[in-house]
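Reading through the structure tokens given below for one structure.
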Amino acid sequence: MFELLDRMLLTLAAVSQVFDLIGKLEGSLEYYRERHEVVAGNIANLDTPGFRSKELASTADGSFGGAVDELVRTNSRHLAVGTGGAARADVVERDDEGAGPDGNNVRLEEEMAKLEANRVGFRVTSQVIARRLAMLRYAAGDGNG
Numbered sequence: 087m088f089e090l091l092d093r094m095l096l097t098l099a100a101v102s103q104v105f106d107l108i109g110k111l112e113g114s115l116e117y118y119r120e121r122h123e124v125v126a127g128n129i130a131n132l133d134t135p136g137f138r139s140k141e142l143a144s145t146a147d148g149s150f151g152g153a154v155d156e157l158v159r160t161n162s163r164h165l166a167v168g169t170g171g172a173a174r175a176d177v178v179e180r181d182d183e184g185a186g187p188d189g190n191n192v193r194l195e196e197e198m199a200k201l202e203a204n205r206v207g208f209r210v211t212s213q214v215i216a217r218r219l220a221m222l223r224y225a226a227g228d229g230n231g
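When we follow our numbering, the leftmost residue of the sequence shown carries the number 87, and every step to the right adds one.
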């Protein structure tokens with residue numbers, strides 16, 4: 087009887103951890119959505135005179151508020167899952183010396199690289215969420231799939 091109770095408590099604790107992680111990953115997806123909007127706006131204003139490119143502001147520790155610290159790279163060759171997710175990150179103008187004669191500082195190659203990195207981060211985070219949900223479905227079905 088006590089073994090069954092212990093097993094149930096362990097299962098509940100594991101399910102709780104999965105839900106906590108999914109909540110943090112949801113924040114990461116929101117960050118990637120916001121970052122996509124900002125980068126797409128930069129690209130759309132590539133030829134707008136005086137336009138200053140924008141980016142999401144990070145906190146002092148380099149995170150974007152609520153980092154996903156459970157997910158760590160075990161090998162330096164692995165892709166980073168993300169820098170965390172912010173419920174609502176601040177958008178700031180990038181102030182650098184790279185502005186052209188018309189005052190526009192958008193660099194297409196740089197923005198396209200950001201867009202690709204963002205796409206990969208969103209995809210990886212989505213896959214992690216899908217795997218966690220599959221684990222929950224498996225657990226809810228008593229391990230029978």
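The beta-carbon is built from N, C-alpha and C at its ideal position, and this holds for glycine as well.
For clarity, every value in this text was computed on a predicted model and none was experimentally measured.
A straight line joining the alpha-carbon of V192 with that of A130 spans about 10 Å. Taking 8 Å as the cut-off, the beta carbon of V124 is found closer than this to the beta carbon of E141. Excluding sequence positions up to five before and after F137, its CB lies within less than 7 Å of the CB of N131, N190, V192, all in the same chain and listed in chain order. Straight-line spacing of the CA atoms in L222 and V104 works out to 8 Å. Counted as a single uninterrupted DSSP element, the alpha helix (DSSP H) harbouring E195 occupies residues 194-226. Cα atoms of M198 and S102: separation of roughly 38 Å, rounded to the nearest angstrom. Secondary structure note for E183: it is in no beta strand (DSSP E), with a DSSP letter that is neither H nor E. Between A175 and E120 the beta-carbon gap is near 6 Å, inside 8 Å, which marks them as a contact. Non-local C-beta neighbours of H122 in its own chain, meaning closer than 6 Å and more than five positions away in sequence, comprise N204, ordered along the chain.
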